[in-house]
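Each residue of the sequence shown is one higher than the one before, starting from 101 at the first, in my numbering.
For each residue, glycine too, the CB sits at the ideal point set by N, CA and C.
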Amino acid sequence: MKCKRCRKAAAAIELPSHHSAFCPECFFVFFKRQVREGIRKHRLLSPGDRVLVCVSGGKDSLVLWDVLMEMGYETEGLYIDLGIEGYSERSREKVEAYARERGKRPVVVELAKEGIPIPEAARCIRMQECSICGTVKRYFFNRVAAEGGFDVVATGHNLDDECARLLGNLLHWQRDHLARQHPYLPESGAGLVRKVKPLWRVSELETAAYGFLKGIDYVTEECPMSVHATSLVYKEALSLIEESMPGSRIVFYQGFLDEGNPLRRAAESGAADGGEADGGTEGGEAPHPCAACGAPTYAETCTYCRLKELVRKRREGRSKEAAG
Ligand code: AMP
Ligand code: FES
Ligand code: ZN
């Protein structure tokens, strides 16, 4: 099959959702156009922004960093070492190697040094790894950005991620989560930095193809803690739908983001009564600094500090038990 754009080279990737097929060079043009359109549509970034790109070592976030650099944004990478044996070291190596080749050094936060490595923390307080991990990552994304004077935090969530999350939120009618699901979350007072998802228009297959064709070396293994994640079930269901009705994902998500969508408006007004515990962007009340660390929160201390304190206490209790 020939590339449908240049009509000369052989197509390397077929995209039924766009009724198209591209050779590598034309695919790069297509992909960047999609990202640019995603940024433009919701005004995610401005030309002079200093962007903190959160990179996990996986395809999406390294591709995001690559594309933003090519587009001329001023970027730095942030890697959070979750303390997951083997997986964290391998991911970190990919991030550092990628950065090194481009004359950069990522900011690295080591959760083991912070006293809250994910597997141990989960064992101590008997919580799901993924939910602790989400809280801790969000905390450091914002803290590193605020301390480093960045204008915006960017993550590599793609269309498949956003659709899976939307489906999950709809299935459980999570009105407050629905209200906060957007590729653009504005900054707010007390040190909450703007958060954006510039890859919201491109699928997982497209980012994987972009990374592969560009020769970006990323970790292909999934986090070992995420094998039972419900998001994988939603992704599978959506893949089935997409297969028989190409283009369903983008219609689903774009329709949700549409300002005229009554569901969106209803969800937003629902969230206005409660706001979000920490990083809330809705709600009448403004967040104030956490009494322990200064991060923006609606409570006395932020969720991260409470988690960390709980882990510290349980760890102390356990070592006393072991000694006695
Ligand atoms: P996930 O929650 O694993 O699907 O990751 C979503 C996005 O969060 C990725 O595309 C990255 O931008 C960011 N991210 C995930 N894990 C890390 C990490 N360990 N360090 C920095 N950023 C991360
Ligand atoms: Fe968070 Fe695996 S537990 S990425
Ligand atoms: Zn705190």
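{"Check": "Segments assigned beta strand (DSSP E), at least 3 residues, entirely inside the stretch 231–314", "Outcome": "252–254 and 294–296"}
{"Check": "Selection from Arg414, Val129 and Phe122 that minimises the alpha carbon distance to Glu108", "Outcome": "This sequence places Lys at residue 108; Glu is not what is there. The residue with the shortest Cα to Cα distance from Lys108 is Phe122."}
{"Check": "Inter-residue spacing [alpha-carbon to alpha-carbon] between Cys224 and Ser188", "Outcome": "20 Å"}
{"Check": "Residues near Lys159 in its chain [Cβ-Cβ closer than 7 Å; skip 5 each side]", "Outcome": "Thr307, Ala308, Gly311 and Tyr318"}
{"Check": "Expected contact under 8 Å - CB spacing of Ser303 and Arg349 to nearest Å", "Outcome": "7 Å"}
{"Check": "Near ligand 1: Ile216 beta-carbon under 8 Å from a heavy atom", "Outcome": "no"}
{"Check": "Where Val118 sits in the DSSP three-state scheme", "Outcome": "In the sequence under discussion, the amino acid at residue 118 is His, which differs from the Val named in the question. DSSP places His118 in helix when its eight states are reduced to three."}
{"Check": "Proximity of Ala48 and Tyr179 at Cβ, strictly below 9 Å", "Outcome": "Lying outside 101 to 424, the shown extent of the chain, residue 48 is not represented and no answer is given."}
{"Check": "Three-way DSSP call (helix, strand, coil) for Val333 in this model", "Outcome": "helix"}
{"Check": "Distance, Ser146 Cα to Lys413 Cα", "Outcome": "44 Å"}
{"Check": "Distance cut-off 8 Å: Tyr310 Cβ against heavy atoms of ligand 1", "Outcome": "no"}
{"Check": "Residues passing the C-beta test against ligand 3 heavy atoms, cut-off 5 Å", "Outcome": "Cys390, Ala392, Cys393, Ala395, Cys402 and Cys405"}
{"Check": "Top-ranked residue by Cα proximity to Asp260, from Ala212, Leu407 and Ile341", "Outcome": "Ile341"}
{"Check": "Start-to-end residues for the alpha helix (DSSP H) that takes in Tyr198", "Outcome": "Tyr187 to Glu201"}
{"Check": "Paired residues, beta bridge with Ala110 - DSSP", "Outcome": "Lys102"}
{"Check": "Backbone secondary structure at Tyr179 - three-state DSSP", "Outcome": "strand"}
{"Check": "Given Glu336 as reference, the closest of Val327, Ala264, Lys314 and Pro283 once Cα atoms are compared", "Outcome": "Ala264"}
{"Check": "Rounded distance between the beta-carbons of Ser339 and Cys230, thought under 8 Å", "Outcome": "Rounded, the Cβ-Cβ distance is 21 Å, inconsistent with contact."}
{"Check": "Nearest neighbour of Gly177, chosen from Thr403, Gly203, Arg364 and Met345 [CA to CA]", "Outcome": "Gly203"}
{"Check": "Residue environment, Gln228, which counts as buried when at least 16 other CB atoms sit within 10 Å", "Outcome": "exposed"}
{"Check": "Status (buried if at least 16 other CB within 10 Å, exposed otherwise) for His282", "Outcome": "buried"}
{"Check": "Backbone secondary structure at Glu416 - three-state DSSP", "Outcome": "helix"}
{"Check": "Distance cut-off 8 Å: Cys230 Cβ against heavy atoms of ligand 2", "Outcome": "yes"}
{"Check": "Among Met101, Trp165 and Gly138, the one whose alpha carbon lies nearest that of Lys314", "Outcome": "Trp165"}
{"Check": "Closer than 8 Å: Cys263 CB and nearest ligand 1 heavy atom", "Outcome": "no"}
{"Check": "C-alpha distance - His328 paired with Ala222, whole-angstrom precision", "Outcome": "15 Å"}
{"Check": "Short Cβ contact (9 Å threshold) for Pro219 with Gly183", "Outcome": "yes"}
{"Check": "Environment of Pro286 [buried if 16+ CB atoms lie within 10 Å]", "Outcome": "exposed"}
{"Check": "Pair within 9 Å by beta-carbon distance, Glu385 and Tyr398", "Outcome": "yes"}
{"Check": "Cβ shell of Glu210 (< 6 Å), same chain only, five flanking positions each side left out", "Outcome": "Asp181"}
{"Check": "Residues near Tyr198 in its chain [Cβ-Cβ closer than 6 Å; skip 5 each side]", "Outcome": "Leu162"}
{"Check": "Helix, strand or coil at Pro387 [DSSP, three-state]", "Outcome": "coil"}
{"Check": "Exposure label - His119; buried when at least 16 CB within 10 Å", "Outcome": "exposed"}
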